[in-house]
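Residue numbers (the numbering used here): 821 to 1077.
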């Protein structure tokens, strides 16, 4: 009996020791090893996660551009009228009459593979009622990623491809100063009556080229684009003609007297 009791007590003590060992925390070495493993995993996964977010953002911007151009094509075909879409390569906004403007983040750069586009600031994409379109391909860069915007002339289909090879012959340096909605609206008002848009009203004064840069719009009010220089000259000539007619009438009256 006594022997059995001692054996039972030993088992209870051994069981209690095992439970106490299980309740003990990690040692310092174990914690260091776990933290090192977690650091390695984070170092591998975070760059990939960040890269995937950048890819999603880039795709979203390109999809927005393509959607706007496709909408302009639908407007041209359904309305039976030519529709023009303007893309400002420096300030980074896409605009078409009757559509909501689209702003492109300044981190996204645009480029061309044609030397003749070096002085270009405004790119115009034109869609016709018969489904055809006019617009050269344009490259976009975001970090190390690139995308090429393509417009098929015959069918007017618009698409983009990521990582498509295209020579960056001409790079358009984006203006890093964030442009306000008011400034964009002012530029759009200037475009409506400029020579850039063939269907946008009378030909007028417009500082849209790269040598003038976008800041030149700041000194122009909306009424600065309403009068053509040629019209002003014609007006002066008409005034001179009216003055000559008045002189002739006065001479005739003197002769009658």
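We put the CB at the ideal spot given by N, CA and C, even for glycine.
Keep in mind it's a predicted model, so treat the numbers as computed, not measured.
Report yes if the CB atom of residue i is closer than 7 Å to the CB atom of residue j, and no otherwise.
i: residue 895; j: residue 912; result: no
i: residue 951; j: residue 922; result: no
i: residue 910; j: residue 997; result: no
i: residue 858; j: residue 933; result: no
i: residue 971; j: residue 959; result: no
i: residue 930; j: residue 992; result: yes
i: residue 905; j: residue 1011; result: no
i: residue 872; j: residue 914; result: no
i: residue 935; j: residue 875; result: no
Evaluate residue i with the Cβ neighbour count: other Cβ atoms within 10 Å of its Cβ, from every protein chain shown; 16 or more gives buried, anything less gives exposed.
i: residue 941; result: buried
i: residue 847; result: exposed
i: residue 938; result: exposed
i: residue 976; result: buried
i: residue 1000; result: exposed
i: residue 892; result: buried
i: residue 856; result: exposed
i: residue 854; result: exposed
i: residue 1002; result: exposed
i: residue 1005; result: exposed
i: residue 849; result: exposed
i: residue 966; result: buried
i: residue 901; result: exposed
i: residue 851; result: exposed
i: residue 984; result: exposed
i: residue 974; result: exposed
i: residue 928; result: buried
State the start and end residues of the unbroken alpha helix (DSSP H) segment that holds residue i.
i: residue 1010; result: 1001–1012
Report the three-state DSSP secondary structure of residue i (helix, strand or coil).
i: residue 856; result: helix
i: residue 980; result: strand
i: residue 851; result: helix
i: residue 882; result: helix
i: residue 991; result: strand
i: residue 876; result: helix
i: residue 1016; result: coil
i: residue 942; result: strand
i: residue 889; result: helix
i: residue 927; result: coil
Would the beta-carbon of residue i be found less than 6 Å away from any heavy atom of the ligand SAH?
i: residue 1010; result: With respect to the ligand SAH, the structure shown offers nothing to examine, as it has no ligands at all.
Which two residues bound the contiguous beta strand (DSSP E) that contains residue i?
i: residue 970; result: 965–971
i: residue 959; result: 958–962
i: residue 908; result: 903–908
i: residue 974; result: Here residue 974 belongs to no beta strand (DSSP E), and DSSP marks it neither H nor E.
i: residue 914; result: 913–916
Exercise. Kindly confirm or deny that the stretch 875–885 and the stretch 973–992 touch, where touching means at least three C-beta pairs closer than 8 Å.
Key: Contact holds: three or more Cβ-Cβ distances are below 8 Å.
Practice problem: Report yes or no: do three or more beta-carbon pairs, one from the stretch 940–958 and one from the stretch 887–903, lie closer than 8 Å? | Solution: yes
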